[in-house]
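Undergrad: Per this note's numbering, the sequence shown runs over residues 20 to 87.
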Amino acid sequence: NFTKIAGLYEKVIALNTKNPQHYASLATAYVNLGRIDDAVKMARKAVEVDPSFEADARAFLKSIGREL
């Protein structure tokens with residue numbers, strides 16, 4: 020259930036804003052919910068928190084027809 024997964028990651032991120040994997044996982048949940056704009060924001064946030072996520076974020080966004 021991606022609605023529950025997204026809700027859990029939103030809560031986890033509220034408690035710890037410094038884990039880029041949480042943002043990436045939330046982005047994936049958002050895509051599965053059709054929330055593409057929110058997914059893009061979360062992918063960008065993952066890169067902001069940890070620039071080493073850039074290549075993966077670019078690939079993820081390209082797969083949904085968006086750019087970093």
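C-beta: ideal position from N, C-alpha, C; glycine also.
From a predicted model like this one, the values you see are computed outputs, not experimental measurements.
Within the continuous alpha helix (DSSP H) that includes residue 47, where are the two ends?
TA: Per DSSP, residue 47 belongs to the alpha helix (DSSP H) from 39–51.
Undergrad: Let's test the definition: count the other Cβ atoms within 10 Å of the Cβ of residue 44 and tell me whether it reaches 16, buried, or not, exposed.
TA: Burial call: buried.
Undergrad: Between 75, 49, 77 and 73, which lies nearest to residue 23 when the distance is taken from Cα to Cα?
TA: Among 75, 49, 77 and 73, the Cα nearest to that of residue 23 belongs to 49.
Undergrad: Let me know the secondary structure DSSP gives residue 24 once reduced to three states.
TA: Helix.
Undergrad: Quick check: the Cα distance between residue 85 and residue 39, rounded to an integer number of angstroms?
TA: Their Cα atoms are separated by approximately 19 Å.
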